[in-house]
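Protein chains in written order, with the working numbering: chain Y, 11 to 194; chain A, 11 to 194.
Number of protein chains: 2
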Amino acid sequence: MDSEVARDRALDAAEKLFYGRGIHSVGMDDIRSTSGLSLKRLYQLFPAKEQLVEAYLERRDVAWRQRLAAHVDRCTDPRERILSVFDWLRLWFLEPDFRGCAWINSYGELGATSPRVLAQVRAHKQAFRAYVAGLVADAELPEPLGGQLYLLAEGAMVTAGIEGSAEPAVQAGLAAGLLLEAYR
Amino acid sequence: MDSEVARDRALDAAEKLFYGRGIHSVGMDDIRSTSGLSLKRLYQLFPAKEQLVEAYLERRDVAWRQRLAAHVDRCTDPRERILSVFDWLRLWFLEPDFRGCAWINSYGELGATSPRVLAQVRAHKQAFRAYVAGLVADAELPEPLGGQLYLLAEGAMVTAGIEGSAEPAVQAGLAAGLLLEAYR
DNA sequence: CCTCGGGGAGAACCGGCGTTCTCTACCGTA
DNA sequence: TACGGTAGAGAACGCCGGTTCTCCCCGAGG
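Below, the structure written as structure tokens:
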């Protein structure tokens with residue numbers, strides 16, 4: 011089997027299991043049986059579990075931000091683009107296997123013990139915040155709004171995960187609309 | 011030694027270690043050496059680690075909400091009381107051992123595997139949200155504002171933990187002020 | 001046909017940790 | 001002094017899970 015394909019299968023299994031059940035509750039044997047790869051192959055691709063974890067977070071980071079951007083790009087009006095972020099959050103929250111933000115969860119699990127995971131969490135969040143700030147700048151709105159909308163989005167993610175509901179995205183979207191008005 | 015005192019020492023150690031390093035990275039031996047209790051005594055008080063975790067979250071829940079309420083009660087004006095929530099968050103974030111919200115972190119670590127911890131996280135967050143909603147009702151402001159302020163606070167907690175900064179409390183407080191104006 | 005390298009299956013190893021057990025010291029009491 | 005009960009220190013046990021090793025098959029090349 012091609013090495014690329016094997017890597018994808020390993021990462022598919024890792025994403026499904028790590029995101030769904032948490033990282034430390036998933037063993038390499040679980041990754042093996044879900045991916046269909048042998049342990050030997052797995053350890054050829056990722057010499058240790060931590061590297062599999064890092065690769066999982068990295069691949070998901072790229073995919074997550076691409077999906078968000080693709081949704082936002084369906085709008086052209088700068089204000090609509092801002093509000094469509096919360097629209098997309100709602101769609102994400104509604105996915106059946108949604109279980110909160112993978113990076114916030116990883117921070118809770120490994121933030122205190124794995125500097126590399128902590129760095130990835132920070133990088134992901136900074137990228138998201140920069141993206142929101144870019145949308146705000148495109149709409150020629152004042153800069154502090156970016157951070158405030160970012161906090162609303164983070165609060166919605168955390169709450170949607172804990173409560174298992176998509177409602178926080180709606181609430182956050184309403185608040186975002188009010189803030190846009192306030193800064194008009 | 012009095013059983014009450016021993017229980018307090020165990021919970022002091024549990025809180026310091028579980029909150030500071032995460033739950034699964036702390037062993038019962040760490041609890042023993044930090045608390046100064048013998049393993050035998052520890053297991054008399056808490057028959058299993060999970061019960062120590064639950065007691066830790068429960069005690070911290072009571073203390074956290076008391077501290078918040080005590081700060082808010084220093085104001086009488088209903089609007090100031092609302093904004094003082096974010097004021098208190100900033101003070102909390104500035105504490106030297108601050109490492110994010112204990113319940114959000116616990117959700118990341120155990121939310122998928124421990125129904126009892128998940129229930130405690132939900133109960134704590136519901137209590138906090140109800141508290142904020144009560145402040146909003148006291149100020150005779152419309153009900154949706156409560157959920158929006160709650161999301162801002164959650165976003166600030168998560169971001170302050172990940173970034174290691176108290177700034178999110180200020181940003182969230184500014185956004186809260188704008189929302190108060192918007193609903194005036 | 002023989003050989004040899006790579007890969008798969010799963011056992012084996014080993015350290016960590018939750019939990020229990022053993023041994024000993026100590027203290028109050030007859 | 002003898003004794004029973006309690007508590008502490010820490011070894012022991014058992015399981016789990018990350019990592020490595022063994023054994024076997026198979027396919028390519030001579």
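All C-beta atoms, glycine included, are put in the ideal place defined by N, C-alpha and C.
On a predicted model such as this, the values are computed, not experimentally measured, just so you know.
Tell me whether residue i is buried or exposed, calling it buried when 16 or more other Cβ atoms sit within 10 Å of its Cβ.
i: residue 54/A; result: exposed
i: residue 186/A; result: buried
i: residue 86/A; result: exposed
i: residue 84/Y; result: exposed
i: residue 150/A; result: exposed
i: residue 119/A; result: buried
i: residue 15/Y; result: exposed
i: residue 49/A; result: exposed
i: residue 194/A; result: exposed
i: residue 121/Y; result: buried
i: residue 45/Y; result: buried
Give me, in chain order, the residues of the same chain whose beta-carbon lies closer than 8 Å to that of residue i; leave out the 5 immediate sequence neighbours on both sides.
i: residue 109/A; result: 29, 30, 115 and 171
i: residue 100/A; result: 176, 179, 180 and 183
i: residue 94/A; result: 81, 82, 84 and 85
From this set, the options, which residue's C-alpha is nearest residue i's C-alpha?
i: residue 64/A; options: 169/A, 101/A and 21/A; result: 21/A
i: residue 91/Y; options: 99/Y, 82/Y and 98/Y; result: 82/Y
i: residue 18/Y; options: 32/Y, 79/Y and 52/Y; result: 52/Y
i: residue 123/A; options: 33/A, 104/A, 173/A and 140/A; result: 33/A
i: residue 102/Y; options: 42/Y, 194/Y, 76/Y and 44/Y; result: 76/Y
i: residue 23/Y; options: 107/Y, 42/Y, 174/Y and 93/Y; result: 42/Y
i: residue 107/Y; options: 25/Y, 61/Y and 121/Y; result: 25/Y
i: residue 105/Y; options: 192/Y, 60/Y, 167/Y and 15/Y; result: 167/Y
i: residue 144/A; options: 46/A, 67/A, 79/A and 61/A; result: 79/A
i: residue 206/A; options: 47/A, 96/A, 174/A and 125/A; result: Not covered by the structure: residue 206/A. The range shown for chain A is 11 to 194.
i: residue 191/Y; options: 12/Y, 174/Y and 152/Y; result: 152/Y
i: residue 60/Y; options: 125/Y, 13/Y and 188/Y; result: 125/Y
i: residue 174/Y; options: 173/A, 189/A and 136/A; result: 136/A
For residue i, which residues in the same chain have their Cβ closer than 6 Å to its Cβ, ignoring the five residues on either side in sequence?
i: residue 142/A; result: 156, 159 and 160
i: residue 88/Y; result: 148 and 149
i: residue 169/Y; result: 178
i: residue 146/Y; result: 155 and 156
i: residue 134/A; result: 71 and 113
i: residue 62/A; result: 24 and 56
i: residue 117/A; result: 131
i: residue 98/Y; result: 78 and 81
Near residue i, what residues of its chain come up, given a Cβ to Cβ distance below 7 Å and the 5 sequence neighbours on each side ignored?
i: residue 47/A; result: 16, 19 and 20
i: residue 66/Y; result: 21, 24, 25 and 28
| query | Are there three or more Cβ pairs, one per stretch, closer than 8 Å when the stretch 109-119 of chain A is compared with the stretch 67-80 of chain A? | reply | By the Cβ rule, the stretch 109-119 of chain A counts as touching the stretch 67-80 of chain A, because three or more pairs are nearer than 8 Å.
| message | Under 8 Å: do the stretch 128-147 of chain Y and the stretch 31-40 of chain A share three or more Cβ pairs, one atom per stretch? | response | No, they do not touch.
| Of the residues that make up the stretch 111-135 of chain A, which ones have a beta carbon closer than 9 Å to any beta carbon in chain Y? | Of all residues in the stretch 111-135 of chain A, 111, 113, 114, 115, 116, 117, 118, 119, 120, 121, 122, 123, 128, 131, 132 and 135 have a Cβ within less than 9 Å of some Cβ in chain Y.
| Counting pairs of beta carbons, one from the stretch 147-156 of chain Y and one from the stretch 143-163 of chain A, are three or more of them closer than 8 Å? | They do not touch, by the three-pair rule.
| field | Interface residues of the stretch 178-191 of chain A facing chain Y [CB-CB below 8 Å] | value | Those residues of the stretch 178-191 of chain A placed with their C-beta closer than 8 Å to a C-beta in chain Y are 178, 181, 182, 184, 185, 188, 189 and 191, ordered along the chain.
| Quick one, which residues of the stretch 152-172 of chain A are near chain Y if we go by CB-CB under 9 Å, in chain order? | Those would be 154, 155, 157, 158, 159, 160, 161, 162, 163, 164, 165, 166, 167, 168, 169, 171 and 172, in chain order.
| What residues in the stretch 13-39 of chain Y have a beta carbon less than 8 Å from any beta carbon of chain A? | Listed by position, the residues of the stretch 13-39 of chain Y near chain A (Cβ gap below 8 Å) are 30, 31, 32, 34 and 35.
| message | Give me the subset of the stretch 90-114 of chain Y whose CB atoms are less than 9 Å from a CB atom of chain A, sorted by chain position. | response | Listed in sequence order: 109, 110, 111, 113 and 114.
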